[in-house]
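End of the sequence shown sits at 250 in our numbering; the numbers just go up one at a time, nothing left out. Comments concern the structure below.
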Amino acid sequence: MLKLINIKKSYKKAVALNVITLSMNPGVYGLLGPNGAGKSTLMNIITDNLLPDGGYVLWKGEETRKLGKNFRRVLGYAPQQQGLYDMFTGRRFLDYMAALKEIPKKETADEIERAAAAVNLSGELSKKLSAYSGGMKQRILIAQALLGKPELLIMDEPTAGLDPKERIRVREMLARIAEHKVVLVATHVVSDIESIAKEIILLKKGDVIAQGSPSRLVTEYAPGKSMEEVYLTLFGEEDMHVF
Ligand SMILES: Nc1ncnc2c1ncn2[C@@H]1O[C@H](COP(=O)(O)OP(=O)(O)OP(=O)(O)O)[C@@H](O)[C@H]1O
Ligand SMILES: [Mg+2]
Numbered sequence: 008m009l010k011l012i013n014i015k016k017s018y019k020k021a022v023a024l025n026v027i028t029l030s031m032n033p034g035v036y037g038l039l040g041p042n043g044a045g046k047s048t049l050m051n052i053i054t055d056n057l058l059p060d061g062g063y064v065l066w067k068g069e070e071t072r073k074l075g076k077n078f079r080r081v082l083g084y085a086p087q088q089q090g091l092y093d094m095f096t097g098r099r100f101l102d103y104m105a106a107l108k109e110i111p112k113k114e115t116a117d118e119i120e121r122a123a124a125a126v127n128l129s130g131e132l133s134k135k136l137s138a139y140s141g142g143m144k145q146r147i148l149i150a151q152a153l154l155g156k157p158e159l160l161i162m163d164e165p166t167a168g169l170d171p172k173e174r175i176r177v178r179e180m181l182a183r184i185a186e187h188k189v190v191l192v193a194t195h196v197v198s199d200i201e202s203i204a205k206e207i208i209l210l211k212k213g214d215v216i217a218q219g220s221p222s223r224l225v226t227e228y229a230p231g232k233s234m235e236e237v238y239l240t241l242f243g244e245e246d247m248h249v250f
C-alpha cells in the first residue's frame with residue numbers, strides 16, 4: 008500500500024535521511040529511534056509537508072505528489088508539535104480540521120462524533136482546549152487525524168508527555184483503529200509499540216538499521232531477552248528513555 012523508494016533528505020549541515028526504502032501494508036508499524044534519528048523528517052516527507060532531495064512515496068502504486076488531493080483524502084496525520092487553538096472548544100477544533108480536510112458539511116457532525124468516541128473524548132467536546140489536560144490534547148490531536156476515515160495514519164510521538172495510564176490508553180486505541188489501515192507510529196519508547204506493532208523499523212542517524220516483527224528482532228539482536236534489550240544493543244544506553 009505505502010512504499011518509500013530511495014528517500015533522501017539533507018539539511019544544510021547534516022544528512023537527515025540516507026536512502027530509505029520501506030514498504031507497508033495494513034497494520035501498526037513502529038518507527039523507533041532516539042532524538043534526531045530522522046523520524047519526523049520521514050513523516051513530513053510521507054505526508055507531503057516536506058520535499059525529499061530524492062526518491063518517491065507511492066500509495067497503491069501511484070506517486071503521492073501526483074495524487075495530491077486524492078492522497079490527502081486517505082491520509083490522517085497527527086504531527087509532533089501541538090499547534091492547538093487554545094480558545095477553540097474541542098468541537099470547534101475538530102470542525103475546523105474537518106473543513107480543512109474538505110469533509111462534506113453534512114457528514115461533519117457524524118465524523119466528529121465518531122472520531123471523538125474513538126479517543127474517549129465524546130463528553131469533553133464543549134470544553135475549551137486550554138482546559139484540556141496534556142493527555143486530552145494529545146487525544147484530540149489523534150481524533151483530528153481520524154476524521155474522514157483515513158486509510159493511512161501517520162502519528163508522530165502520539166504518547167509524548169503522557170502519564171503511564173494515558174500512554175496505555177493511546178496504545179490500545181491505536182491497536183483498535185489499525186484494522187484495515189496502515190498506521191505508522193513514531194516513538195522513542197519501546198513499550199509504546201512493542202505489543203501492538205506487527206513490524207518495528209529502527210532508525211538511527213538517518214538509516215534503517217533493523218526492521219522486523221518484535222519477536223524476530225529479539226531473536227536476532229537480543230536472543231532470549233526483550234525489545235528493550237534490542238534497543239539498548241542497537242542504540243546504546245545513553246539513548247535509553249525510561250518512563
Ligand atoms: N528544519 C531543519 N533544519 C535543519 N536541520 C533539521 C531540521 N529538521 C530536522 N533537522 C535535523 O535532522 C535530523 C533529524 O531530525 P528529526 O526531527 O527528523 O528527528 P526525530 O527522529 O524526529 O527526533 P525527535 O525524537 O527529537 O523528534 C536531526 O539531526 C535534526 O537536527
Ligand atoms: Mg521527531
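Cβ atoms here follow ideal geometry from the backbone N, Cα and C, with glycine treated the same way.
Asked: If I follow the unbroken beta strand (DSSP E) through residue 193, where does it start and stop?; Found: 189 to 194
Asked: By the three-class DSSP mapping on this structure, what secondary structure does residue 250 have?; Found: With a pLDDT of 46 at residue 250, under the threshold of 50, the predicted position of this residue should be treated as unreliable, and no value is reported.
Asked: How long is the line joining the alpha carbons of residue 51 and residue 205, rounded to whole angstroms?; Found: 22 Å
Asked: Is the distance from the Cβ of residue 117 to the Cβ of residue 46 below 8 Å?; Found: no
Asked: Helix, strand or coil for residue 25 per DSSP?; Found: strand
Asked: For residue 250 and residue 181, I'd like the C-alpha separation in whole angstroms.; Found: Residue confidence for residue 250 is low, a pLDDT of 46 falling below 50, so the modelled location carries little weight; the figure read from the coordinates is stated next. Using only the alpha carbons, I get a separation of about 20 Å.
Asked: Of all the beta strand (DSSP E) runs that stay within the bounds of the segment 44 to 82, which reach a length of 3 or more residues?; Found: 61 to 66
Asked: Evaluate the contact criterion for the segment 35 to 44 versus the segment 62 to 76: three or more CB pairs, one atom per stretch, below 8 Å.; Found: no
Asked: Would you list the one or two residues that DSSP bridges to residue 140?; Found: None, per the DSSP bridge assignment.
Asked: Could you please give the first and the last residue of the uninterrupted beta strand (DSSP E) stretch that includes residue 16?; Found: 9 to 17
Asked: To the nearest angstrom, how far is the alpha carbon of residue 232 from that of residue 156?; Found: 38 Å
Asked: Can you tell me whether residue 225 is helix, strand or coil according to DSSP?; Found: helix
Asked: Any residues whose CB sits closer than 7 Å to a heavy atom of ligand 2? List them in chain order?; Found: 46, 47, 87, 163, 164, 193
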